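>
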Amino acid sequence: MPVVLLISAVKAATAASLYVALWLGVPGSGPETGKAASRKPAAQVTRATRPAAPPLATRQVRLTNDSLAGQPFGEEPTVQELLRNGGRIVARKPYRNLYEAGQVDTILLVRHQGNIFEFYRAPEKDLLRDAVVVNFEPVYGRRLRTRLAKAHRPAATTIDKVRIGDSERTNYVSVVYQSGRLSTVHVEPYVD
170 MPVVLLISAV
180 KAATAASLYV
190 ALWLGVPGSG
200 PETGKAASRK
210 PAAQVTRATR
220 PAAPPLATRQ
230 VRLTNDSLAG
240 QPFGEEPTVQ
250 ELLRNGGRIV
260 ARKPYRNLYE
270 AGQVDTILLV
280 RHQGNIFEFY
290 RAPEKDLLRD
300 AVVVNFEPVY
310 GRRLRTRLAK
320 AHRPAATTID
330 KVRIGDSERT
340 NYVSVVYQSG
350 RLSTVHVEPY
360 VD
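Each residue of the sequence shown is one higher than the last, beginning at 170 in our numbering.
1. Please state the DSSP three-state secondary structure of V356.
2. Bridge partners for S343 per DSSP, in chain order?
3. Round the Cβ separation of F288 and V345 to the nearest angstrom and send it over; I've been treating them as touching at under 8 Å.
4. What separation, rounded to the nearest whole angstrom, lies between the Cα atoms of P246 and Y268?
5. What is the DSSP secondary structure of L277, counted as helix, strand or coil?
6. For N340, count the other beta carbons within 10 Å of its own beta carbon; 16 or more makes it buried, fewer makes it exposed. Which is it?
7. If you draw a straight line from the C-alpha of K330 to the C-alpha of V354, how long is it?
8. Are any of the Cβ atoms in chain B nearer than 7 Å to that of G310?
9. Looking at the structure shown, is D361 part of a helix, part of a strand, or coil, going by DSSP?
10. Pair every Cβ in the segment 256-272 with every Cβ in the segment 227-244, then say whether three or more of these pairs are closer than 8 Å.
11. Between V360 and L296, is the Cβ-Cβ spacing less than 7 Å?
12. Which full runs of the beta strand (DSSP E) of 3+ residues lie inside the segment 230-292, going along the chain?
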């Protein structure tokens, strides 16, 4: 029992001395209130830290794959599908049709679960014009990830930037892998 009291008394004394030291160290409090502080600033305490890991090397890879560059999602998501599953149109911009005189089409920007899709809307159909996918949980993201896994195996110790194009150099898919994990996909299909 005396040992427990001794330990409690030591803890209490330590806590009290800590509070007094803090009280004396706060400007405008303590016995020196109203006097100019003549203390030197306390030295900064440096903590031991782990050495920083060396930055990952960046590797750039170019591939030609007509099937993947032409249809990276397999079945392409549509505006209606994205809106039905919680997406929303965040911007509309009129766009003069280059082939039909007097016809004005629309560029739609659709956001769905962190992913952004740009569609060219003409009277006959919507065409995917650009997509940036960072969330691979939706169905179209899982299909995209599966198709990309067959095309390239990233290294776990690098940042891989992969540019996949078709043989006609009209459609492109740009992919970023960080530490072997798929990070971002930018789909750039040809739309005229």
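Positions of the beta carbon are idealized from the N, C-alpha and C atoms, including for glycine. Since the model is a prediction, treat every value here as computed from it, not as a measurement.
Looking at the atomic coordinates:
1. strand
2. R332, H355
3. Actually they do not touch by this definition, with Cβ atoms about 23 Å apart.
4. 26 Å
5. strand
6. buried
7. 10 Å
8. The structure shown contains no chain B; it holds only a single protein chain.
9. coil
10. no
11. yes
12. 257-265, 273-281, 284-290
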